[in-house]
Amino acid sequence: MGKYRNGQIRKSFEKQMMDAGRVPNITAALIVSLYTLYFAGIPFGLIGQQKTIELGVLAGIIIIVLQFVVAPRTNYLLTVKITGLLNREESVGLSAAERTGLVERLMRCPAAICIQVVLVFVLGIGCWVMSFYFLFGISFSVTVFSLIACLYGAFNAGVLAYTYAEQLCSRYATLLVSRGVDDSVIRRKHFFGPGIKRLVILHSIVPAVLTNILQFFVLWKIYQSDIYSDNQTLNMALIVILNTALSVLLSSLLYSRITKSMQRITAILEKMNAGVLSEAGSLPTNLGDETAYCLYLVNDILRWLRSITEDAETTSRSVLASTQELSVSSKETAATSVEQAAGVKECVSTMEDAESLEHTISSRIADVTSAARTAAENTEESFSVLSGNMRKMTEITEANLETITGIKALSEKIENVWSVVNIINTIADKTRIIAFNAELEASTAGEGGQNFHIVANEIRRLAEAIALSTHEIGDRITAIHHSS
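Quick note on numbering: the sequence shown equals residues 8 to 491 in this note's numbering.
Structure (structure tokens):
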């Protein structure tokens, strides 16, 4: 977890979180400010150069106060307990149960950071936007549009904050899981993060809904103005392109997150299929979502297979030892047979003494019988050992079949992602139906419904674009499923 001085982390988790968010937050604040100004259509030519400069200075002051005064304090409140537990882990160590609780805190921290950033952005940019109306005399309708754009920008800044916070927390959580956690808690809770379903809602569904709402307000503003110009068309096109780019960016972050986990699982399964378990190391996992829990289960399966392999090697060594013992017994039997042949020769050479010859032959026959009985007993023991080995090999085969069944169950969980894609398709289909009905109503209204017809046509095109995007997402999920 880093280098240490006097038992403390040289750069604490709190400082790392603050440093990770400083540049993204300032950049997002500037982008949101510019987006808000452009979306609302601030009439700089009407308010004058002096007020424009004052507006920019006020924005800079608000950004500095929020980033260097408000943000450090809220960041401290959210990370102070985690920092203390990490220091304890490195100085004296934590138990498996305490380490599990720390992993849970780490994987819930990104959501708290996301909410913190959204609230801070809403507070800062909201105050700045309200100054449009109260300090600079900008119209109330323009101020309202600016607030709407501010909310959308704050949401995107929050998702960006979730991404960098999750990357930092995952590094610590992965290390803690590798050191050992409470398996009973993991089996009960499975994972500690928001889960794939909520991530899809955060990265895809909510941005799509907010984008539709924003574009509806833009169209409504154009409709209310009763003025339709090429400049308005260009503004509308730029807003659609920008919102679409943001939606694609957020969806790409989620896609990249899922793809990385599936690539790790695929690589391990390929090594298992090739029979090179020795090269299949443990997969790093942070227990943040369903895919991370799958990685945890794959690690358990790998440990189980390695145990089976070690048992098989032990059994093989036992069989080899038994075979060597059987070989020694066979050599002893051969030596006894040689001795018997020598005894027979002695009997032939001493046939003159009948009684002595008969006694010698009887004695040799008894020796042969005893040796044969010993050889039979050794043979029975060898067959018993071989039968036990066959039973153990059967048990290994059954264990391998159970492993394959577990791997198939992992693949079935990927199918759950389709339900989220179907929800997005349903929303897009309903939007197209509403737009189509609106076009029908506009066509019956004659010339008076021309503007409304244009609005309905734009909404329908937007819905078709969303449907196309969800179709591409579905294709990518299908590709992931086939690769697994």
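Beta carbons are placed, not taken as given, at the ideal position from N, Cα and C, and that holds for glycine. Just so you know, these numbers come straight off a predicted model, no measurement behind them.
Item, Value
"Just tell me which of A172, T170, F199, V124 has its CA closest to the CA of V184.", "F199"
"With H, G and I counted as helix, E and B as strand and the rest as coil, what does DSSP make of L158?", "helix"
"Consult DSSP for Y235 and reduce its assignment to one of helix, strand or coil.", "With a pLDDT of 48 at Y235, under the threshold of 50, the modelled position of that residue is not reliable, and no figure is offered here."
"Does DSSP put T292 in a helix, a strand or coil?", "coil"
"Measure the beta-carbon distance from A463 to A435 and round it to whole angstroms, keeping in mind my assumption that it falls under 8 Å.", "15 Å between Cβ atoms; not a contact."
"Is G6 helix, strand or coil by DSSP?", "Nothing can be reported for residue 6: it is not among the residues displayed for the chain, which extend from 8 to 491."
"Would Q23 be called buried (16 or more neighbouring beta carbons within 10 Å of its own) or exposed?", "buried"
"So, for M114: in the same chain, excluding its five sequence neighbours on each side, which residues have a beta-carbon less than 7 Å away from its beta-carbon?", "C176, A180, F199, G200, N293, L294, G295"
"Let me know the secondary structure DSSP gives H197 once reduced to three states.", "coil"
"Applying the criterion that 16 or more other CB atoms from any shown protein chain within 10 Å of the CB defines a buried residue, is W135 buried or exposed?", "buried"
"Who are the near neighbours of E297 in its chain, counting only those whose CB is closer than 7 Å to its CB and skipping five residues on each side?", "F198, G202, I203, K420"
"T59: which of L44, I70, I69, I33 sits nearest, CA to CA?", "L44"
"Quick one: any contact between the segment 136-153 and the segment 106-122, if contact means 3 or more CB pairs under 8 Å?", "no"
"Answer with buried or exposed for E96, where buried requires no fewer than 16 other C-beta atoms within 10 angstroms of its C-beta.", "buried"
"Could you pull the start and end residues of the alpha helix (DSSP H) that G63 belongs to?", "56-72"
"Pick helix, strand or coil for I145, following the three-state DSSP scheme.", "coil"
"Go ahead and label G165 buried or exposed: buried means 16 or more other beta carbons lie within 10 angstroms of its beta carbon, across all protein chains shown.", "buried"
"Count the C-beta pairs between the segment 99-112 and the segment 120-134 that are closer than 8 Å, then say yes if the count reaches three, no if not.", "no"
"With a threshold of 16 other CB atoms inside 10 Å of the CB of R106, please say whether the residue is buried or exposed.", "buried"
"If you count every other CB in all the chains shown that lies within 10 Å of the CB of T330, and 16 or more means buried, which is it?", "exposed"
"Exposed or buried, which one is F20 when buried takes at least 16 other CB atoms within 10 Å?", "buried"
"For S263, tell me which candidate among R195, Q174, R380, D190 has the shortest Cα-Cα distance.", "Q174"
"Using only the heavy atoms of the ligand MG, determine whether one of them is closer than 6 Å to the beta carbon of C116.", "The ligand content of the structure shown is nil, which means the ligand MG is not present either."
"Residues in the same chain with beta-carbon distance under 8 Å from I480, minus the five sequence neighbours each way, listed in chain order, please.", "S211, S258, Y262, V428, I431"
"Please report how far the alpha carbon of V127 lies from the alpha carbon of L206, in whole angstroms.", "22 Å"
"Could you compute how far the alpha carbon of N163 sits from the alpha carbon of D482?", "25 Å"
"How about the segment 305-322 and the segment 215-222: do they share at least three Cβ pairs that are nearer than 8 Å?", "no"
"Would G160 be called buried (16 or more neighbouring beta carbons within 10 Å of its own) or exposed?", "buried"
"Tell me whether V188 sits in a helix, a strand or coil according to DSSP, three-state version.", "coil"
"Which residues mark the beginning and the end of the alpha helix (DSSP H) in which V207 is found?", "202-207"
"So which of I193, P291, E332, F459 has the shortest CA-CA distance to K267?", "P291"
"So, using beta-carbon positions, are I466 and A442 closer together than 7 Å?", "yes"
"Quick one: using the 10 Å Cβ neighbour count with 16 as the cut-off for buried, is L253 buried or exposed?", "buried"
"Under 8 Å by Cβ, that's how I've got T438 and A470 pegged, so tell me the actual separation to the nearest angstrom.", "4 Å"
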